[in-house]
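Read through the structure below, which is laid out as structure tokens, and then see the notes.
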Amino acid sequence: MAETELAKKLQRRLVLEDSEPHQVEDEAELVTPPESEHNGGEKPANANADSELSAKLNRRQDINAGNAVPPHRSKIFNPYTEFKEFSRKQIKQMEDMFKKYDSGKDGFIDMMELKFLMEKLGAPQTHLGLKNMIKEVDEDFDEKLNFREFLLIFHKAAAGELQDDSGLMALAKLSEIDVDVEGVKGAKNFFEAKAQALSSASKFEAEIRAEQEEKKRQEEEKKTRRAAFKELKSAFNQ
């Protein structure tokens with residue numbers, strides 16, 4: 024609700040700026056003191072936030088108008104640190120699946136590619152269904168999925184945040200990625216399985232260490248036997 028109200032206010036502000044630019048500037052001067060009066064001439068603290076919000080809204084309007092929009096640039100995304108609930112193997116499986124259906128090789132899965140993906144999984148969707156699937160995880164409002172947004176599908180599924188009959192849940196369930204997706208119970212089982220996997224990994228490491236120690240012990244025994252043999256041989260030669 025708060026996001027909707029904010030969007031309406033920003034939209035109204037843009038309309039006012041387009042229709043009555045001078046009036047908006049005059050009003051701004053009345054309610055906003057000059058920068059020199061803020062913090063001894065320093066730039067207001069919320070100036071960067073306003074600028075960023077305005078840029079995002081302009082980007083959203085360009086997308087809606089069908090204008091060419093440059094790729095959204097943000098901080099470097101590291102799936103292994105941001106989605107810690109998944110193992111490296113699971114993330115690699117998701118990445119392979121993403122690349123497989125990114126037929127345009129542009130780093131995105133658009134609506135047609137998502138349509139093909141869902142058909143391959145045996146859960147075809149309507150045009151509206153596909154739009155709703157993208158909308159649920161589309162953080163930058165470009166109406167297609169980047170890899171981070173694709174990972175969000177499985178994140179939400181494992182956390183029990185998706186409706187059982189949603190297209191995204193069907194995608195998560197029908198994919199070959201080993202993630203249990205049965206709501207909150209599924210999330211619990213998922214983390215229990217992960218803990219068990221970690222336990223198995225620890226056991227495997229312990230077995231390797233035991234083998235290495237055994238090998239080391241055998242090498243030491245060989246050295247001891249060689250030394251004893253040399254000593255015995257030296258005694259016979261005297």
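Using our numbering, the letters of the sequence shown map in sequence onto residues 24 to 261. In this text, a Cβ means the ideal position worked out from N, Cα and C, and glycines have one as well.
- Beyond the five residues adjoining it in sequence on each side, Q116 comes within less than 6 Å, by CB distance, of I200 in the same chain, given in chain order.
- DSSP places L168 in the strand class (E or B) of the three-state scheme.
- Setting aside the 5 residues that flank it on each side, Q148 is surrounded in the same chain by M141, G190, each with a C-beta closer than 6 Å to its C-beta; the list follows chain order.
- Proximity to E108 across H178, D129, G127 peaks at H178, based on C-alpha coordinates.
- When DSSP states are grouped into helix, strand and coil, I132 belongs to the strand group.
- Across the structure, L168 and A233 are spaced so that their CA atoms are roughly 47 Å apart.
- Under the 8 Å Cβ criterion, the stretch 151-171 counts as touching the stretch 127-139, having at least three qualifying pairs.
- One thing to note: A181 has its Cβ no nearer than 8 Å to the Cβ of M192.
- The closest CA to that of M135, considering only F121, K123, A146, H150, is found on H150.
- By alpha-carbon distance to I157, the top candidate from L137, G145, T104, Q113 is L137.
- By the beta-carbon neighbour count (other beta carbons within 10 angstroms, threshold 16), L185 is buried.
- Counted as a single uninterrupted DSSP element, the alpha helix (DSSP H) harbouring G152 occupies residues 150-160.
- In this chain, the alpha helix (DSSP H) harbouring F121 covers 111-124.
- Comparing alpha-carbon positions, the option among S198, K239, F252, R35 lying closest to Y124 turns out to be S198.
- Each residue's CA atom was taken as its position, placing L153 and F121 some 16 Å apart.
- The three-state secondary structure of P102, taken from DSSP, is helix.
- For L191, the enclosing alpha helix (DSSP H) starts and ends at 190-197.
- About 5 Å separates the CB atoms of F106 and L174; that is less than 8 Å, so the two are in contact.
- Our two residues, T247 and Q113, have alpha carbons roughly 48 Å apart in a direct line.
- With distances taken between CA atoms, N81 lies nearest to R35 out of K239, A229, R35.
- In the three-state reduction of the DSSP assignment, E230 falls in the helix class, which pools H, G and I.
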